[in-house]
Amino acid sequence: MSARILVVEDEAAIRLALRGLLRKDGYAVELAESAEAAFRRLESETFDLVLTDLALGRGGSGMDVLRASKAHCEETPVVVITAHGSEKIAVEAMKLGAEDYVPKPFDNDELRLLLKRALERTQLWRENRWLMERVERDYGFGSLIGSGAGMREVFETIRKVAETDLSVLVLGESGTGKELVAQALHQCGSRSSRPFVAVNCAAISAELVESELFGHERGAFTGADARRIGRFEAAQGGTIFLDEIGDMAPATQAKVLRVLQERCLERVGGREEIQVDVRVIAATHRDLAKEVEAGRFREDLYYRLKVVELRIPPLRERVEDLPALALRFCEQLAERLERPRKTLSQEALSALAHHRWPGNVRELRNVIEQAAVLSSGEVIEAADLRLESAASAAEPSREPGSVSRSAAPADSELSFRDAKRQANEAFERDFLLRALHAHAGNVSRTAEAIGMVRQSLQQKIRELGLRETRSDESSDE
Ligand SMILES: Nc1ncnc2c1ncn2[C@@H]1O[C@H](COP(=O)(O)OP(=O)(O)OP(=O)(O)O)[C@@H](O)[C@H]1O
Ligand SMILES: [Mg+2]
């Protein structure tokens with residue numbers, strides 16, 4: 366269907382000329398010869414675009430038409446025609462929400478191009494908004510997004526088990542949303558008014574883990590100069606989330622098992638038995654069954670944790686979730702930065718669908734946020750996503766330490782900034798792979814050797830999609 370444009374112009378010759386011009390481009394053109402006439406039309410009809418002269422003689426100006434149009438239909442773009450040399454008023458109009466302006470006398474081709482762009486932009490906004498509304502209505506689950514069968518099954522399970530006190534083991538690759546799922550389980554259950562305490566089992570050192578989880582009494586060890594409540598106790602009445610449980614040292618596994626079995630604990634250096642009433646949710650990116658087989662994870666603890674097993678499919682198996690996720694991230698970023706929300710072009714959306722997503726939703730979030738910040742227009746195009754280098758980072762065949770060719774800035778079409786960014790990424794990837802390789806994939810030792818904080822290195826590994834970590838990396842703590 367052709368777009369309907371309302372042309373508001375008091376000079377008959379120009380009005381008719383505009384009609385002729387726009388009709389040639391296939392638009393349906395309606396005319397108004399004054400602001401008042403325009404008000405009447407705007408009251409009862411909806412247009413895809415309003416093109417108005419600012420100077421309309423008596424009975425209201427183009428500014429009034431702009432205001433009226435915005436009041437009736439916020440999303441209809443309004444393009445204003447300004448007299449030569451009145452940029453100040455044009456800026457005023459833009460502030461009031463005008464889409465664009467053309468100074469008189471205008472060049473026909475320029476005007477046509479400008480209108481075409483404005484209409485395309487609105488179309489895109491509409492499609493995006495429709496998608497967002499659909500997301501809100503059908504597919505959201507708290508802060509979780511997913512429209513496909515894979516995520517709907519996850520939501521269904523959350524709904525069923527949230528109300529119970531059953532232990533849930535959340536499995537999924539890195540960045541698939543395990544922590545969000547754990548939070549949703551807590552929020553939808555009867556313990557939601559009580560604390561949700563997350564513990565990253567991979568990030569606590571072996572010496573500290575006991576005191577961290579169970580607390581300690583004053584004088585329990587050197588440096589324990591006050592009593593400390595552990596995470597289990599802090600979660601009293603609520604939920605404890607044991608994240609990266611697959612990285613927990615065997616000695617700690619035994620102690621956690623005891624707490625789960627007996628529902629009570631002793632603080633380190635204490636004798637008092639403390640009852641604990643907590644719901645346990647655990648998560649890991651490892652294949653825990655395999656860890657059990659390999660003797661690295663206690664079988665009894667495994668079965669206690671996986672009363673309900675919740676598997677989150679990797680992003681590459683649910684491409685149907687991509688548009689909604691990408692748009693949500695655009696929106697969240699816009700809110701954070703207090704800037705207008707950007708949208709994605711069709712090509713960009715289809716580029717997302719063709720990427721492998723080794724870093725899953727977290728990687729998608731990074732890609733979108735980077736593109737939203739670095740792209741110049743309101744619409745994120747496929748090229749802004751810079752997925753090429755991200756895809757090559759995931760190439761499983763590449764030897765550690767080899768230089769990534771595809772990420773090298775060979776493309777002379779790139780801007781300096783983009784080329785530099787790519788070169789920088791390639792360098793980081795190469796450097797970190799070499800360093801990790803030199804330390805047999807041991808993250809702690811690598812971090813120490815290259816003067817990086819372990820958590821930052823781990824973050825980088827995820828961001829760059831490097832999979833060089835040894836499976837027993839926690840034992841080196
Ligand atoms: N379904 C989803 N909807 C919206 N945001 C999501 C979804 N899944 C993940 N995210 C976002 O992706 C990022 C990673 O999620 P999260 O930390 O929960 O993943 P994870 O599986 O715990 O990862 P890791 O194994 O690396 O700890 C977060 O920013 C989260 O908000
Ligand atoms: Mg996590």
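Residue numbers (the working numbering): 366 to 842. For glycine and all other residues, C-beta sits at the position ideal for the given N, C-alpha and C. In this text, all values refer to a predicted model and were calculated from it rather than measured experimentally.
Residue i Cβ short of 7 Å to ligand 1 heavy atom set
| i | result |
| --- | --- |
| residue 817 | no |
| residue 670 | no |
| residue 539 | yes |
| residue 516 | yes |
| residue 717 | no |
| residue 605 | no |
| residue 611 | no |
| residue 511 | yes |
| residue 550 | no |
| residue 808 | no |
| residue 827 | yes |
| residue 726 | yes |
| residue 508 | yes |
| residue 676 | no |
| residue 690 | yes |
| residue 693 | yes |
| residue 794 | no |
| residue 730 | yes |
Residue i: CB within 7 Å of a non-hydrogen atom of ligand 2
| i | result |
| --- | --- |
| residue 648 | yes |
| residue 543 | yes |
| residue 608 | yes |
Where residue i falls, given that 16 or more other Cβ within 10 Å makes a residue buried
| i | result |
| --- | --- |
| residue 707 | buried |
| residue 512 | buried |
| residue 725 | buried |
| residue 519 | buried |
| residue 720 | buried |
| residue 807 | buried |
| residue 460 | exposed |
| residue 787 | buried |
| residue 627 | exposed |
| residue 397 | buried |
| residue 829 | buried |
| residue 737 | buried |
| residue 449 | exposed |
| residue 762 | With a pLDDT of 36 at residue 762, under the threshold of 50, the modelled position of this residue cannot be trusted; read the value that follows with caution. Answer is exposed; the Cβ neighbour count stays below 16. |
| residue 605 | buried |
| residue 539 | buried |
| residue 419 | buried |
| residue 824 | exposed |
| residue 576 | buried |
| residue 625 | buried |
| residue 816 | exposed |
| residue 667 | buried |
| residue 600 | buried |
| residue 564 | buried |
| residue 594 | exposed |
| residue 442 | buried |
| residue 377 | exposed |
| residue 456 | exposed |
| residue 543 | buried |
| residue 615 | exposed |
Contact belief for residue i with residue j at Cβ below 8 Å, rounded distance in angstroms
| i | j | result |
| --- | --- | --- |
| residue 545 | residue 508 | 6 Å |
| residue 814 | residue 804 | 6 Å |
| residue 729 | residue 688 | Rounded, the Cβ-Cβ distance is 11 Å, inconsistent with contact. |
| residue 528 | residue 555 | 6 Å |
| residue 579 | residue 561 | Actually they do not touch by this definition, with Cβ atoms about 18 Å apart. |
| residue 534 | residue 675 | 7 Å |
| residue 622 | residue 665 | 6 Å |
| residue 484 | residue 458 | Not really, about 18 Å apart at Cβ, beyond 8 Å. |
| residue 386 | residue 370 | Going by Cβ atoms, the distance from residue 386 to residue 370 rounds to 11 Å, so no, they are not a contact pair. |
Cβ-heavy atom distance, residue i to ligand 4, below 7 Å
| i | result |
| --- | --- |
| residue 653 | In terms of ligand content, the structure shown lacks ligand 4 and carries ligand 1 and ligand 2 instead. |
In chain order, each alpha helix (DSSP H) run of at least 4 residues that lies wholly inside the stretch 473 to 553: 473 to 499, 514 to 527, 543 to 552
4-residue-minimum alpha helix (DSSP H) runs that sit fully inside the stretch 558 to 620, ordered along the chain: 571 to 579, 596 to 599
Touching by the beta-carbon criterion (3+ pairs, under 8 Å), the stretch 634 to 650 and the stretch 607 to 614: yes
Contact the stretch 670 to 689 vs the stretch 628 to 641: 3+ CB pairs below 8 Å: no
Cβ contact (3+ pairs, closer than 8 Å) linking the stretch 617 to 634 and the stretch 582 to 591: yes
Length-filtered (3 minimum) beta strand (DSSP E) runs lying within the stretch 388 to 452: 393 to 397, 414 to 418, 443 to 447
Any 3 or more C-beta pairs closer than 8 Å across the stretch 435 to 450 and the stretch 405 to 414: yes
Sufficient close CB pairs (3 or more, under 8 Å) joining the stretch 657 to 670 to the stretch 688 to 701: no
Stretch-stretch touch, CB-based, cutoff 8 Å, three pairs: the stretch 561 to 575 with the stretch 523 to 542: no
Segments of 4+ residues assigned as alpha helix (DSSP H) that fall wholly inside the stretch 634 to 710: 653 to 658, 664 to 670, 687 to 702
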